[in-house]
Amino acid sequence: MDLSLTIVVVAVLTGYVAVLTGIGGGVLLVPALTYLFHIPIHTAVATSVTAIIATSLIGSYKFLQARLTNLEVGLTLEVLMAAGAFLGSLLSIHLGAGTLSLVFGLLLLVSGTSMVLDRKGQADQSKSRQDSTRDPIGDYEVSNMPVGIASSFVAGGLAGLLGIGGGVVQIPVMTLLMKLPVKEAVATSNFMVGITATSAVFVYFFEGYVNLILTGQVVLGVVIGGYLGAASVSRVNGGLIRRFLAVLLFSIGVLTLYRA
Amino acid sequence: MSLIVRVRIVIKVALFVSLGGITLGLTLSLAEAASLWLVPGLGYSLFGFWPKEFLRLGLYSLIMSPIVVVIVCTHFYSACHRWHDAIASLTILLILVLGIAYEFLH
Chain A
18 MDLSLTIVVV
28 AVLTGYVAVL
38 TGIGGGVLLV
48 PALTYLFHIP
58 IHTAVATSVT
68 AIIATSLIGS
78 YKFLQARLTN
88 LEVGLTLEVL
98 MAAGAFLGSL
108 LSIHLGAGTL
118 SLVFGLLLLV
128 SGTSMVLDRK
138 GQADQSKSRQ
148 DSTRDPIGDY
158 EVSNMPVGIA
168 SSFVAGGLAG
178 LLGIGGGVVQ
188 IPVMTLLMKL
198 PVKEAVATSN
208 FMVGITATSA
218 VFVYFFEGYV
228 NLILTGQVVL
238 GVVIGGYLGA
248 ASVSRVNGGL
258 IRRFLAVLLF
268 SIGVLTLYRA
Chain B
259 MSLIVRVRIV
269 IKVALFVSLG
279 GITLGLTLSL
289 AEAASLWLVP
299 GLGYSLFGFW
309 PKEFLRLGLY
319 SLIMSPIVVV
329 IVCTHFYSAC
339 HRWHDAIASL
349 TILLILVLGI
359 AYEFLH
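Protein chains in written order, with my numbering: chain A, 18 to 277; chain B, 259 to 364.
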């Protein structure tokens with residue numbers, strides 16, 4: 018794999034859009050790597066999982082500074098999420114590229130559809146993310162812990178299987194079922210996805226799917242994009258980008274399913 | 259020192275080492291590619307093993323950082339006798355170690 022400025026630029030864009038719209042970077046990164054650069058899907062998933070560790074660490078630092086991360090909830094849920102990610106990555110390497118593409122295509126369709134249907138909720142979430150540096154952690158009671166733990170296993174499995182963060186499952190569960198405030202749920206999920214990705218990355222690493230140069234370029238690009246996105250989150254019309262992205266994800270999902 | 263402060267320090271150091279290693283590795287790879295292009299053979303003699311080693315160091319640091327974070331959490335909770343959180347952290351550590359052991363178990 019040679020050095021490619023194009024890969025860095027695409028990774029910067031991915032990180033930028035991921036922060037701006039609140040979606041996980043993996044949902045964008047894996048199709049970008051497979052379709053634009055013809056990288057095998059297992060390598061793309063492995064690269065995405067490694068990049069998620071970097072974005073999680075940076076996000077966690079900021080959220081910990083704002084005292085929004087609920088470490089107790091995060092660590093408790095993480096037990097089954099990490100186990101799920103480990104099993105998901107094991108499953109991933111045993112699946113053929115076609116099957117993995119099929120599952121990923123379904124995920125893209127669901128993500129695109131939910132982005133269209135849940136614009137208001139995401140707008141609220143985006144707003145609370147913007148406000149996240151102001152309000153310290155407040156008093157709230159966490160409920161439905163067993164449901165949260167069970168859903169963490171599913172979220173972890175998807176994360177390990179498809180190279181996504183898992184926040185797409187965890188944040189709705191934490192806010193709707195466990196009654197965590199949105200800000201705290203986003204912060205806690207952000208802390209968790211790094212540990213989740215770590216438990217998945219070993220399998221990909223030892224199976225030889227982590228390409229050093231490709232992953233280095235993507236990690237660096239995603240980090241730069243993440244910083245740029247965080248800096249411009251209050252100035253850019255995130256709603257417009259989300260609508261465009263919803264159509265894009267839906268289209269790529271249909272294309273992926275068709276090819277698979 | 260509170261848990262949050264400790265975790266933040268770990269993350270800051272981890273990001274510094276990881277991103278530093280990755281940036282240096284990629285820069286040297288670029289220099290290697292350029293020197294190979296300008297003077298064939300020079301790149302290998304100058305940068306034959308450097309770029310990959312720095313990249314590997316950066317990525318290893320990145321992958322290991324969440325494990326260090328969990329170790330810090332476990333240590334803190336154990337010190338405060340919050341046994342249920344300590345057990346959670348220890349279980350996560352066990353899963354991560356199982357990941358590292360995957361290669362040997364495989």
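Built from N, CA and C at the ideal position, the CB exists for glycine as well.
Integer-rounded CB distance, given that residue j should sit under 8 Å from residue i
| i | j | result |
| --- | --- | --- |
| L273 (chain B) | L178 (chain A) | No, L273 (chain B) and L178 (chain A) are not in contact; Cβ-Cβ is about 27 Å, not under 8 Å. |
| W308 (chain B) | L284 (chain B) | At roughly 12 Å, the Cβ-Cβ gap does not stay under 8 Å, so W308 (chain B) and L284 (chain B) are not in contact. |
| Y244 (chain A) | H59 (chain A) | The pair is not a contact, with the Cβ atoms about 29 Å apart (cut-off 8 Å). |
| A61 (chain A) | G180 (chain A) | 7 Å |
Contact list for residue i against chain B, beta-carbon separation under 7 Å
| i | result |
| --- | --- |
| F54 (chain A) | Per Cβ cutoff of 7 Å: no residues; F54 (chain A) is ~17 Å from chain B at best. |
| L175 (chain A) | Going along chain B, no residue has its Cβ under 7 Å from L175 (chain A), so there is no contact; the nearest lies around 17 Å. |
| T215 (chain A) | I321, P324, I325, L354 |
| G211 (chain A) | P324 |
| A61 (chain A) | The premise fails here: A61 (chain A) is roughly 16 Å from chain B at the closest Cβ pair, so nothing lies under 7 Å. |
| R276 (chain A) | Neighbours of R276 (chain A) on chain B: none; closest Cβ ~30 Å, over 7 Å. |
| L112 (chain A) | Result: empty, since nearest Cβ-Cβ is about 17 Å, beyond 7 Å. |
| F267 (chain A) | In chain order: nothing, as chain B lies at least about 32 Å away. |
| I166 (chain A) | Near I166 (chain A) there are no residues of chain B at all, since even the closest Cβ is about 10 Å away, more than 7 Å. |
| F219 (chain A) | G357, I358, Y360 |
| L74 (chain A) | I269, A272, L273, S323 |
| V240 (chain A) | L277 |
6 Å CB neighbourhood of residue i in its chain, flanking five on each side removed
| i | result |
| --- | --- |
| V327 (chain B) | V265, V268 |
| V164 (chain A) | L194 |
| D152 (chain A) | Interpretation of D152 (chain A) is limited by its pLDDT of 42, a score under 50 that renders its predicted location unreliable; no figure is taken from the coordinates. |
| V27 (chain A) | A49 |
| L261 (chain B) | F334 |
| F103 (chain A) | S216 |
| T150 (chain A) | Caution applies to T150 (chain A), whose pLDDT of 40 falls short of 50 and renders its modelled position unreliable; the value that the coordinates give is listed next. For T150 (chain A), where only same-chain residues beyond five positions count, the Cβ hits under 6 Å are A83. |
| K144 (chain A) | Its pLDDT being 49, under 50, K144 (chain A) is placed unreliably in this model, and the value from its coordinates should be taken loosely. Excluding residues within five positions, none has a Cβ falling inside 6 Å. |
| Y358 (chain B) | The amino acid at residue 358 (chain B) is misidentified as Tyr; the sequence shows Ile. Excluding sequence neighbours, I358 (chain B) sits near nothing in its chain. |
Residue closest to residue i, alpha-carbon to alpha-carbon, out of the options
| i | options | result |
| --- | --- | --- |
| V263 (chain B) | A:S206, A:S77, A:V36, A:V62 | A:S77 |
| G279 (chain B) | B:G316, B:P324, B:V355, B:T332 | B:G316 |
| I70 (chain A) | B:E290, B:I321, B:E311 | B:I321 |
| I325 (chain B) | A:E89, A:A99, A:T86 | A:A99 |
| V47 (chain A) | A:Y33, A:V36, A:T38, A:A68 | A:A68 |
| G42 (chain A) | A:S268, A:V271, A:L262 | A:L262 |
| E3 (chain A) | A:T23, A:Q187, A:L257 | Since the first residue shown for chain A is 18 and the last is 277, residue 3 (chain A) is missing from the structure and cannot be characterised. |
| S276 (chain B) | B:F362, B:R314, B:A291 | B:R314 |
| G242 (chain A) | A:V66, A:R260, A:T72, A:P57 | A:T72 |
| G129 (chain A) | A:F80, A:L45, A:Y157 | A:L45 |
| S160 (chain A) | A:L94, A:F80, A:N207, A:S268 | A:L94 |
| E158 (chain A) | A:L88, A:G173, A:L197 | A:L197 |
| E290 (chain B) | A:V220, A:R252, A:I230 | A:I230 |
| R84 (chain A) | A:G180, A:Q234, A:V203 | A:V203 |
| K310 (chain B) | A:I269, A:T232, A:S268, A:M132 | A:T232 |
| T213 (chain A) | A:G113, A:K79, A:G105 | A:G105 |
| T23 (chain A) | A:V264, A:G113, A:Q234 | A:Q234 |
| F267 (chain A) | A:A63, A:V127, A:L92 | A:V127 |
| V96 (chain A) | A:Y221, A:K79, A:V171 | A:V171 |
| L92 (chain A) | A:S206, A:G113, A:S21, A:S65 | A:S206 |
| L257 (chain A) | A:V133, A:S21, A:F222 | A:V133 |
| Y221 (chain A) | A:S131, A:A63, A:M162 | A:A63 |
| E361 (chain B) | A:V218, A:I166, A:A248 | A:V218 |
| G115 (chain A) | A:P57, A:K79, A:L107 | A:P57 |
| S65 (chain A) | A:N228, A:R260, A:N87 | A:N228 |
| V90 (chain A) | A:L265, A:F208, A:K79 | A:F208 |
Residues that residue i contacts on chain B, provided the C-beta gap is smaller than 9 Å
| i | result |
| --- | --- |
| A202 (chain A) | Correct list: empty, because the minimum Cβ distance to chain B is about 17 Å. |
| T93 (chain A) | H342, D343, A346 |
| F261 (chain A) | Per Cβ cutoff of 9 Å: no residues; F261 (chain A) is ~30 Å from chain B at best. |
| F103 (chain A) | I353, L354, L356, G357, Y360 |
Beta-carbon contacts of residue i that lie in its chain and below 7 Å, excluding the five residues immediately before and after
| i | result |
| --- | --- |
| R276 (chain A) | S118 |
| G182 (chain A) | G41, G43, I69, A176, V210 |
| F312 (chain B) | G279, L282, G283, L286 |
| S347 (chain B) | V328, C331, T332, Y335 |
| L30 (chain A) | G242 |
| L108 (chain A) | L178 |
Contact set for residue i: own chain, Cβ-Cβ below 8 Å, skip 5 residues either direction
| i | result |
| --- | --- |
| T273 (chain A) | P48, S118, L119, F121, G122, L125 |
| T281 (chain B) | G316 |
| S168 (chain A) | V186, Q187, V190, L194 |
| G246 (chain A) | G32, Y33, V34, A35, V36, L37 |
| S319 (chain B) | A272, V275, S276, G279 |
Chain-ordered chain A contacts of residue i [CB-CB under 9 Å]
| i | result |
| --- | --- |
| G283 (chain B) | L229, I230, G233 |
| L261 (chain B) | L88 |
8 Å Cβ cut-off: residues of chain A touching residue i
| i | result |
| --- | --- |
| L315 (chain B) | Those do not exist, as L315 (chain B) stays about 10 Å from chain A at its closest Cβ, beyond 8 Å. |
| V265 (chain B) | S77, L81, L88 |
Contacts of residue i in chain A (Cβ-Cβ under 7 Å)
| i | result |
| --- | --- |
| G278 (chain B) | Neighbours of G278 (chain B) on chain A: none; closest Cβ ~11 Å, over 7 Å. |
| V328 (chain B) | I212 |
Contacts that residue i makes with chain B (C-beta to C-beta distance below 8 Å)
| i | result |
| --- | --- |
| L237 (chain A) | L277, I280, T281, L284 |
| T67 (chain A) | L317, L320, I321 |
| R84 (chain A) | I262 |
Counting Cβ pairs, one atom from each stretch, are 3 or more of them under 8 Å apart for the segment 340 to 351 of chain B and the segment 228 to 244 of chain A?
Remark: fewer than three beta-carbon pairs, one from each stretch, lie closer than 8 Å, so the segment 340 to 351 of chain B and the segment 228 to 244 of chain A are not flagged as touching.
task: Answer yes if the segment 186 to 195 of chain A comes into contact with the segment 51 to 71 of chain A, meaning at least three C-beta pairs across the two stretches below 8 Å, and no otherwise.
output: no
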